[in-house]
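If you read the sequence shown in this note's numbering, its first letter stands for residue 609, the second for the next number, and so on.
Idealized CB from N, CA, C, for every residue including glycine.
Structure record follows, encoded as C-alpha cells.
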Amino acid sequence: MNSEVKPRVLIISAPSGAGKSTLVNHLLASGLPLQFSVSATSRKPRGGEKDGHEYYFISAVEFRKRVDAGEFIEWEEVYKDHFYGTLRSEIDRITEAGKMPLFDVDVKGGISLKNIFGDNALAIFIMPPSVEELKQRLIRRGTDQEDKIAMRVDKAYKEIELAGRFDMVIVNDDLTRACNEILTVVSGFLNDR
Ligand code: ADP
Ligand code: 5GP
Numbered sequence: 609m610n611s612e613v614k615p616r617v618l619i620i621s622a623p624s625g626a627g628k629s630t631l632v633n634h635l636l637a638s639g640l641p642l643q644f645s646v647s648a649t650s651r652k653p654r655g656g657e658k659d660g661h662e663y664y665f666i667s668a669v670e671f672r673k674r675v676d677a678g679e680f681i682e683w684e685e686v687y688k689d690h691f692y693g694t695l696r697s698e699i700d701r702i703t704e705a706g707k708m709p710l711f712d713v714d715v716k717g718g719i720s721l722k723n724i725f726g727d728n729a730l731a732i733f734i735m736p737p738s739v740e741e742l743k744q745r746l747i748r749r750g751t752d753q754e755d756k757i758a759m760r761v762d763k764a765y766k767e768i769e770l771a772g773r774f775d776m777v778i779v780n781d782d783l784t785r786a787c788n789e790i791l792t793v794v795s796g797f798l799n800d801r
C-alpha cells in the first residue's frame, strides 16, 4: 500500500465466539461494495478452508520472511505459534477494484489498523451479551476443545476492556437486530463523503 494515501476501510474485531464471522458474512452477502481482506496465517487450514479464500496459508518460516520484507501493515501472534497478518497487497487489490477493504482481525490488530487509518476507518467491536453467553456459543459451535474454549474465554475478558478504543460497539444479543444494526452503520459509512 502506498503509505501516503489512506483508503477508507472497515475494521471488525471481537472476542472469539461473539459472532464476528456471522456478522461479517452477513455484510459480505448484503451486496454492499465491500471486499474481504484475505490475511496470511501460519495456522493450518481447517475443514473446507481453501488457500486464498479464508486465508493465504503459509509456513511460519515464510511468514517471518514476509514480515522482514515489510509485506504486512500489521501482524499478531493471535494464538501461541499461530501468526496472522494483513497484507499491504490486499489493500491495493481491493481498492483498485473500487471496493472498500473489510478487515476481520483480532482486537489488537483492529486497534493497530485504526491507529494507521484514523478517520478513514470505521472500527467496530462486536460485543457478546456476556462472557457466559460467549462461552455457551463456543460450546454450541463445537469447533474447539474444552481447553481452547477456556483460553478464548480468558482472553475475552482482556479484549472487552479494549472495546472503548473502537469507533463503535455492537452488542450481538439478538442476531437479527445486530445484523440490521451493522448493516445500517456500515451503509452510512459507505455513503458518507
Ligand atoms: P466468532 O467469529 O466471533 O468467533 P461466530 O460467528 O463463529 O463467532 O459465532 C459463534 C457461534 O455463535 C456460532 O455457532 C454462531 O452461529 C453463534 N451465534 C452468532 N450470533 C449469535 C447470536 N446473536 N445468538 C446466538 N448464537 C449466535
Ligand atoms: P481463526 O484462526 O479462528 O480463523 O482466527 C483467529 C483470530 O485471528 C480471529 O480473531 C481473526 O479475526 C484473527 N485474524 C485473522 N486475520 C488476522 C490478521 O491479519 N491480523 C490480526 N491481527 N488478526 C487476524
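| Endpoints, the alpha helix (DSSP H) within which Ile-724 is located | Taking the first residue of the sequence shown as 1, we reach residue 724 at position 116. Residues 715 to 725.
| query | What's the gap between the Cα of Gly-660 and the Cα of Lys-652? | reply | If you number the sequence shown from 1, residue 660 lands on position 52. If you number the sequence shown from 1, residue 652 lands on position 44. Rounded to the nearest angstrom, the gap between the Cα atoms of Gly-660 and Lys-652 is 13 angstroms.
| query | With C-beta atoms as the reference, is Leu-821 less than 9 angstroms away from Leu-770? | reply | Nothing about residue 821 can be reported from this structure: the residues present for the chain run from 609 to 801 only.
| Contained alpha helix (DSSP H) runs [length at least 4] in the stretch 737 to 776, N- to C-terminal order | Here the runs fully enclosed are 739 to 749, 754 to 768.
| task | Taking 8 angstroms as the threshold, find out whether the stretch 731 to 748 comes into contact with the stretch 697 to 709 through three or more Cβ pairs. | result | Contact between the stretch 731 to 748 and the stretch 697 to 709 is not established, with fewer than three Cβ pairs separated by less than 8 angstroms.
| message | Threshold first: 4 residues or longer. Then list the alpha helix (DSSP H) segments lying entirely within the stretch 665 to 695, N to C. | response | For the stretch 665 to 695, whole alpha helix (DSSP H) runs of length 4 or above, ordered along the chain, are 668 to 676.
| said: Am I right that Leu-710 and Val-632 are in contact with their C-beta atoms under 8 angstroms? What's the rounded C-beta distance? | reply: Along the sequence shown, read from residue 1 onward, the residue named residue 710 stands at position 102. Along the sequence shown, read from residue 1 onward, the residue named residue 632 stands at position 24. Contact flag correct, Cβ pair sits at about 7 angstroms.
| query | Hey, would you say Gly-625 sits closer than 9 angstroms to Ala-764, going by beta carbons? | reply | Translated into the one-based positions of the sequence shown, residue 625 becomes position 17. Translated into the one-based positions of the sequence shown, residue 764 becomes position 156. Result yes, Cβ atoms of Gly-625 and Ala-764 sit closer than 9 angstroms.
| message | Looking only at its chain, what residues have a beta carbon closer than 8 angstroms to the beta carbon of Arg-654, apart from the 5 residues adjacent to it on each side? | response | Within the sequence shown, residue 654 is the residue found at index 46, counting from 1. Excluding residues within five positions, the ones whose Cβ falls inside 8 angstroms are Thr-751.
| request: List the endpoints of the continuous alpha helix (DSSP H) containing Leu-642. | output: For the purposes of this step, residue 642 is taken as residue 34 along the sequence shown, with counting starting at 1. Premise fails: Leu-642 lies in the beta strand (DSSP E), 642 to 644, not in any alpha helix (DSSP H).
| request: Answer with buried or exposed for Pro-641, where buried requires no fewer than 16 other C-beta atoms within 10 angstroms of its C-beta. | output: The sequence position of residue 641 within the sequence shown is 33, counting from 1. It counts as exposed.
| If you run the structure through DSSP and keep just helix, strand and coil, what is Ala-622? | Within the sequence shown, the letter at position 14 stands for residue 622. Reduced to three states, the DSSP call for Ala-622 is coil.
| task | For Tyr-765, verify whether its CB is less than 8 angstroms away from any heavy atom of the ligand 5GP. | result | In the sequence shown, residue 765 corresponds to position 157, counting from 1. Incorrect: Tyr-765 has no Cβ contact closer than 8 angstroms to the ligand 5GP.
| task | Let me know if Met-776 comes out buried or exposed under the rule of 16 or more other beta-carbons within 10 Å of its beta-carbon. | result | Position 168 of the sequence shown holds residue 776. It is exposed - the Cβ of Met-776 has fewer than 16 other Cβ atoms within 10 Å.
| message | Please list the terminal residues of the continuous beta strand (DSSP E) segment that includes Ser-647. | response | Residue 647 sits at position 39 when you count from the first residue of the sequence shown. Note, Ser-647: beta strand (DSSP E), 647 to 649.
| Can you check whether the CB of Ser-650 is closer than 9 angstroms to the CB of Phe-691? | To locate residue 691, count along the sequence shown from 1; it is residue 83. To locate residue 650, count along the sequence shown from 1; it is residue 42. Here Phe-691 is near Ser-650, since their CB atoms are less than 9 angstroms apart.
| Sheet register partners of Phe-711 (DSSP bridge) | As a position in the sequence shown, residue 711 is number 103, starting the count at 1. According to the DSSP secondary-structure assignment, Phe-711 is paired through a beta bridge with Ile-619.
| message | I need the DSSP call for Ala-731, collapsed to helix, strand or coil. | response | Here residue 731 refers to the residue found at position 123 when the sequence shown is read from its first residue. Three-state DSSP puts Ala-731 in a strand.
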